[in-house]
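Engineer:
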Amino acid sequence: MFLRVDKLQIDLPTPKRQDANAAAALQELLGGKYGEMSTLGNYMFQSFNFRSKSKLRPFYSLVAAITAEELGHVELVSNGVAMLNNGPDSDADEEDGGDISEAPFEDMKDIRLAAAFLSGGGGAMPVNSNGQSWNNDFITTTGNVVLDLLHNFHLECGARLHKLRVYETLTDPTGREVCGYLLVRGSVHAHAYALALKKITGVEIEKMLPTPNIPLGNIPECQKYLDEGSHRRLYTFSPDDYKEMAGIWGNGEVALPDDPPGELTVVDGMPDGGKIQQLTGVPSAFTPDYAPEEMFEIATKLYKASR
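Yeah, the sequence shown ends on 577 if you go by this note's numbering, and it's all consecutive.
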């Protein structure tokens, strides 16, 4: 089962302006071939279908714990997309909507992913940067642990190249922060699957890393995560389970040569996390409704009744 916490894995800076086309680029990290929906789907169904869980516990624990982290990555990218689509916070949901006869969203018809506004109200969806739907064909789960781990290594390496290309298209701090954090964590996952393959086959596939060759120290948004040691940590995302992966990620293994040095560690639980930005209502876009004050009044009463 999964435990949900009302935080993002990191704090995201407020976007400088509304930029729906930047949000469209970031959608690639959500619903693209190497996006977070793909990493989540692969690891989640591999963990569900994992054979000989008790006998291969360290390998199962690794895939299961990374599954939970990937679910949080889907949440993180989705929030980044919505933040870029909507722009800085405002008090729009305190207004009555006003006169919509002057086409207040005329510019939206020309954005790259018009459906993000017209159908989704400025939110994120499991699609890529061209609006193509993410689909099950991106999932590989064979029941063969070596083949699945090798596929996961490829997936993480492809995803890191994917993230760097999106990073290089963006200037807004929100999108770049998402990319910077995920570049570091993707490096962790690639390293973890490489070490798992070495343990089970004896092949030192970690010598292929960094593949692709992305010097994280040259990316400003990666630097603070390297400084705090995020590149050396895997989280269990559970209060009691999945500790067995320390036999793979730990046990004297160390950080990659180009990253700050130190031993790899498994951390019980999850990162401290960051706040989820409030997306204000836009009455003229019928989000949450044309006249939301009644909804707010009802919600306030329900909140007070729950305390």
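We put the CB at the ideal spot given by N, CA and C, even for glycine.
So, under 8 angstroms CB-CB, Gly-305 and Asn-405 are touching, yes? Tell me the CB distance rounded to an integer number of Å.
Structural biologist: Actually they do not touch by this definition, with Cβ atoms about 12 angstroms apart.
Engineer: The beta strand (DSSP E) spanning Val-536 covers which residue range?
Structural biologist: 535–537
Engineer: Would the beta-carbon of Gly-392 fall within 8 angstroms of that of Ala-429?
Structural biologist: no
Engineer: Using a threshold of 8 angstroms, state whether the C-beta atoms of Ala-335 and Phe-507 are closer than that.
Structural biologist: Yes, the pair counts as a contact, with Cβ atoms nearer than the cut-off.
Engineer: Would you call Ala-385 buried or exposed, if buried means 16 or more other Cβ atoms sit within 10 Å of its Cβ?
Structural biologist: Residue environment: Ala-385 is assigned as exposed (fewer than 16 neighbouring CB atoms within 10 Å of its CB, all protein chains considered).
Engineer: Taking the continuous beta strand (DSSP E) assigned at Leu-526, which residues delimit it?
Structural biologist: Unbroken run through Leu-526: none, as it is neither H nor E.
Engineer: Once DSSP output is grouped into helix, strand and coil, what is the label at Gly-544?
Structural biologist: strand
Engineer: Would you give the residue range spanned by the beta strand (DSSP E) that Tyr-560 belongs to?
Structural biologist: Unbroken run through Tyr-560: none, as it is neither H nor E.
Engineer: On the criterion of 16 or more Cβ atoms from any shown chain inside 10 Å, does Phe-456 qualify as buried, or is it exposed?
Structural biologist: The amino acid occupying residue 456 in the given sequence is Gly; Phe does not appear at that position. Burial call: buried.
Engineer: How big is the Cα-Cα spacing for Thr-471 and His-421?
Structural biologist: 15 angstroms
Engineer: Is it a yes or a no for the segment 342–361 touching the segment 543–562, going by three-plus beta-carbon pairs under 8 angstroms?
Structural biologist: In short, these stretches touch, since the Cβ pair count reaches three.
Engineer: Helix, strand or coil for Tyr-573 per DSSP?
Structural biologist: Tyr-573 sits in a helix when the DSSP states are folded into three classes.
Engineer: If you count every other CB in all the chains shown that lies within 10 Å of the CB of Glu-426, and 16 or more means buried, which is it?
Structural biologist: buried
Engineer: Can you give me the start and stop residues for the beta strand (DSSP E) that Arg-274 sits inside?
Structural biologist: For Arg-274, there is no enclosing beta strand (DSSP E), as DSSP marks it with neither H nor E.
Engineer: How about Phe-423 and Ser-308: do their beta carbons lie closer than 8 angstroms?
Structural biologist: Taking the C-beta atoms as reference points, Ser-308 is found no nearer than 8 angstroms to Phe-423.
Engineer: Does the distance between the C-beta of Ile-280 and the nearest non-hydrogen atom of the ligand FMN fall short of 7 angstroms?
Structural biologist: Ligands are entirely absent from the displayed structure, and the ligand FMN is therefore not among its contents.
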